[in-house]
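Those letters in the sequence shown? Residues 0 to 558, by numbering that gives the first Met the number 0. For reference, the structure is listed below as structure tokens.
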Amino acid sequence: MRLHLALLAATAEAVILMATDHLQDAAGFTIELPGHALASASTVAQVNAQNGDTAAAAAPILGCTTSSFSTPSWLVRNLTLNRTDDSVTFDLLNRATNYTAFIGCANATADESKPDVYAHCDVQTDPAPSDDSLLALVRVTAKGTAADVLLRQRWACSDRTTAAVQPINFSAAGNSSTVLACGAAGCVAVDSPLLVRGNLAAPVAIHPAPADGPIGHSKAGCSAAASKPPSWSLQSVYYLNQTGDNGATAISSQTLMLQVINHAIGYQAGCTGFLSDDLSTKPVSFTCAGQGYDFLGRDQYRIQTQALFEPATFNFTVNQTWYCDDTDEGKPVSITASGSTVLPLNCTSVAVGAGDKVGNKTTCLSNGDIVVQAQHPGTVTSLPPYSVTDPLPTPDGCTVSSIVGPAWTLSSFEIDSDPKGNRTANITSVGFDLRLATGTNEATYPISVYQGRAVEGRPQWFHCTFGADEIPLAPYNCTYTYDAAAKQLTLAADWICSDLDRERPVLFSGTATTAISKPFSCSTAGGQTQCLTDETASWNVPITNVTWRAADKDVLAPS
Numbered sequence: 000m001r002l003h004l005a006l007l008a009a010t011a012e013a014v015i016l017m018a019t020d021h022l023q024d025a026a027g028f029t030i031e032l033p034g035h036a037l038a039s040a041s042t043v044a045q046v047n048a049q050n051g052d053t054a055a056a057a058a059p060i061l062g063c064t065t066s067s068f069s070t071p072s073w074l075v076r077n078l079t080l081n082r083t084d085d086s087v088t089f090d091l092l093n094r095a096t097n098y099t100a101f102i103g104c105a106n107a108t109a110d111e112s113k114p115d116v117y118a119h120c121d122v123q124t125d126p127a128p129s130d131d132s133l134l135a136l137v138r139v140t141a142k143g144t145a146a147d148v149l150l151r152q153r154w155a156c157s158d159r160t161t162a163a164v165q166p167i168n169f170s171a172a173g174n175s176s177t178v179l180a181c182g183a184a185g186c187v188a189v190d191s192p193l194l195v196r197g198n199l200a201a202p203v204a205i206h207p208a209p210a211d212g213p214i215g216h217s218k219a220g221c222s223a224a225a226s227k228p229p230s231w232s233l234q235s236v237y238y239l240n241q242t243g244d245n246g247a248t249a250i251s252s253q254t255l256m257l258q259v260i261n262h263a264i265g266y267q268a269g270c271t272g273f274l275s276d277d278l279s280t281k282p283v284s285f286t287c288a289g290q291g292y293d294f295l296g297r298d299q300y301r302i303q304t305q306a307l308f309e310p311a312t313f314n315f316t317v318n319q320t321w322y323c324d325d326t327d328e329g330k331p332v333s334i335t336a337s338g339s340t341v342l343p344l345n346c347t348s349v350a351v352g353a354g355d356k357v358g359n360k361t362t363c364l365s366n367g368d369i370v371v372q373a374q375h376p377g378t379v380t381s382l383p384p385y386s387v388t389d390p391l392p393t394p395d396g397c398t399v400s401s402i403v404g405p406a407w408t409l410s411s412f413e414i415d416s417d418p419k420g421n422r423t424a425n426i427t428s429v430g431f432d433l434r435l436a437t438g439t440n441e442a443t444y445p446i447s448v449y450q451g452r453a454v455e456g457r458p459q460w461f462h463c464t465f466g467a468d469e470i471p472l473a474p475y476n477c478t479y480t481y482d483a484a485a486k487q488l489t490l491a492a493d494w495i496c497s498d499l500d501r502e503r504p505v506l507f508s509g510t511a512t513t514a515i516s517k518p519f520s521c522s523t524a525g526g527q528t529q530c531l532t533d534e535t536a537s538w539n540v541p542i543t544n545v546t547w548r549a550a551d552k553d554v555l556a557p558s
């Protein structure tokens, strides 16, 4: 069965709307696109966590939900233009869900009088979807030299589904272009596969950004080592061999320090090897630290540099793996290569210590750059298409946690009261520490919440005032009430997430209610009684009735 959709006359104006609003056909079919503030009821968001001690930081949860938030995109393969009937066909893969389809588009070549009209495509796969979850449009230039592809798709991810969490509905749209190479039989896309990056319209309106990728991955010549031996420069070489003087002023040690620079990509690694203290001459291997702390950040692939040093001969070997997509982003590769050289160092030795505790200290330095030339081209390994700039999967951050399992981590609950009366009836203020519970919050501090002015028209409700601000995973603003008789706190809060798109922060709102069941320790001083929960006591409080929308542009989003 084929999927028949209404014919679409998409104009140049529609392409502009791709980045701002929506796309609509003559029959009224609307493609919702990022750019608007979208209000979404939290029908999918019920917390999984129960009241109790907070859990340790979670590992990345791989699957449909994580991929849909981080890499909403499609691969278009084997795009072919048939010159006989001006039809276009291609294979489509949704990278987030692994959905595949064979797509056919009739009359795809634009008329010279209407160069901006797109052809509507049908899913040829049997069975085809029975709804309008996928919309595909294609336009081939009148001269048949290039093709534009526009996609919009809706899907649901159920990999996080539990009794409390419903499937999450996603909607994304994107467009891309490719040059066509033509022959007598027809034309094919030069870029195969062609990447179409998507912008999310639901559940939140964000544009997930790709990672920067490893240093030098797109630099011309990065992948040249696939066909010719690569080379490196060694700089600032320093070697120390110290026999020591039985610990009187120095202990025995060996140290090698140097910088390794890959000529192909300009990548620099610092190598420091603390060799055997017993002054062994056996070869020693060690790992070098990368330029720009490349072991941090969002990159999925990190350049790896290993060194091997032989103290007896000064022979030094570098083994390095780097990543390249300089010739074709759709066909990235990793390259592993090694090279060796005897370090030409200038050494000086001096005696250390005195009397019968005399030792020797030998220091060796390089005069200039030392070139290490590999004897063979590097070993090349193919990587998934466009994966060099795919972000590294991470535990659920602010945005995903707010949708999948929103909860506050509460701690340091404090009650101040008048000691002359009953503590329950004479509370003067309530405070606590708070932060959003996520899979990445183990390195963040909570914010201190203090009782502010009363909320007008709502007895026993108070505005929050905060301690140090701009703390990640803290509320943007909040109000709360404390029922002393029931020992129950109710918190209504707004919070902002920008971890997936710094330019388009999302403002969340929700309500949380919890019983304060942790034991208190009380003391009286200065006419005030202060009761605190144990400083180590913390617990998660589920957030309900969560809604979200695009945050105002002037709102700071520290998460």
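In this text, a Cβ means the ideal position worked out from N, Cα and C, and glycines have one as well. Treat the numbers as computed from the prediction; the structure is a model and nothing was measured.
- In the DSSP assignment, valine 87 forms a beta bridge with Leu80, Cys104.
- Using a C-beta cut-off of 8 angstroms, the region 403-411 makes contact with the region 536-555, since at least three inter-stretch Cβ pairs fall below that distance.
- Every beta strand (DSSP E) of 3 residues or more that sits fully in the region 475-507 is shown, in chain order, as 487-496.
- Counting other Cβ atoms within 10 Å of its Cβ, threonine 439 reaches 16 or more and is therefore classed as buried.
- For cysteine 270, the enclosing beta strand (DSSP E) stretches over residues 267-273.
- In this structure, the straight-line span from the alpha carbon of aspartate 389 to that of proline 59 is close to 15 angstroms.
- One thing to note: glycine 272 has its Cβ within 9 angstroms of the Cβ of phenylalanine 308.
- A distance below 9 angstroms separates the beta carbons of valine 139 and alanine 109.
- When C-alpha distances from isoleucine 470 are compared across Ile446, Tyr481, Asp482, the shortest belongs to Ile446.
- In this structure, DSSP gives alanine 225 a helical state, which the three-state scheme calls helix.
- Boundaries of the beta strand (DSSP E) around isoleucine 167: 167-181.
- Here DSSP, grouped into helix, strand and coil, assigns serine 251 to coil.
- Burial is judged here by how many other beta carbons sit within 10 angstroms of a residue's own beta carbon; glycine 456 has fewer than 16 and is exposed.
- Residue burial is scored here from C-beta neighbours: isoleucine 302 has at least 16 other C-beta atoms within 10 angstroms and is therefore classed as buried.
- Contact check between the region 496-505 and the region 205-212: three or more CB pairs, one atom from each, fall below 8 angstroms, which counts as touching.
- From the listed residues Ile515, Ser516, Leu531, the smallest Cα separation to serine 522 is found for Leu531.
- Assignment of serine 66 by DSSP, reduced to helix, strand and coil, places it in the helix class.
- Aspartate 415 places its beta carbon less than 9 angstroms from that of serine 428.
- Taking alanine 373 as the centre and dropping the five residues before and after it, the same chain places the C-beta of Pro228, Pro229, Ala336, Gly338 closer than 6 angstroms to its C-beta, in chain order.
- Taking 3 residues as the shortest admissible run, the region 314-350 contains the following complete beta strand (DSSP E) segments, listed from N- to C-terminal end: 314-323, 332-341.
- With respect to the 9 angstroms criterion, alanine 219 and aspartate 325 are classified as neighbours on the basis of their beta carbons.
- Contact between cysteine 104 and valine 87 holds: CB atoms are separated by about 4 angstroms, below the 8 angstroms threshold.
- Measuring C-alpha to C-alpha distances from tyrosine 322 to each of Leu80, Thr124, Ala225, Cys496 identifies Ala225 as the nearest.
- The three-state secondary structure of cysteine 287, taken from DSSP, is coil.
- Distance from the CA of threonine 99 to the CA of asparagine 198, rounded to the nearest whole angstrom, comes to 19 angstroms.
- Contact annotation: serine 284 and glutamine 258 have beta-carbon atoms that are not nearer than 9 angstroms.
- Per DSSP, valine 116 is not a residue of any beta strand (DSSP E), being assigned neither H nor E.
- For valine 195, the uninterrupted beta strand (DSSP E) segment begins and ends at 193-196.
- Around the beta carbon of aspartate 298, 16 or more other beta carbons sit within 10 angstroms, so the residue counts as buried.
- Annotation for cysteine 221: Gly215, Ala263, Ile264, Cys323, Asp325 place their beta carbon closer than 6 angstroms to its own, counting only its chain and skipping 5 residues before and after.
- Alanine 135 is bridged by DSSP to Leu150.
- The C-alpha of serine 132 is placed about 15 angstroms away from the C-alpha of serine 67.
- With a threshold of 16 other beta carbon atoms within 10 Å, glutamine 319 meets it and is buried.
- CA-CA distance, serine 69 to phenylalanine 89, rounds to 25 angstroms.
- Assignment of valine 371 by DSSP, reduced to helix, strand and coil, places it in the strand class.
- In the structure shown, isoleucine 60 falls within a coil segment according to DSSP collapsed to helix, strand and coil.
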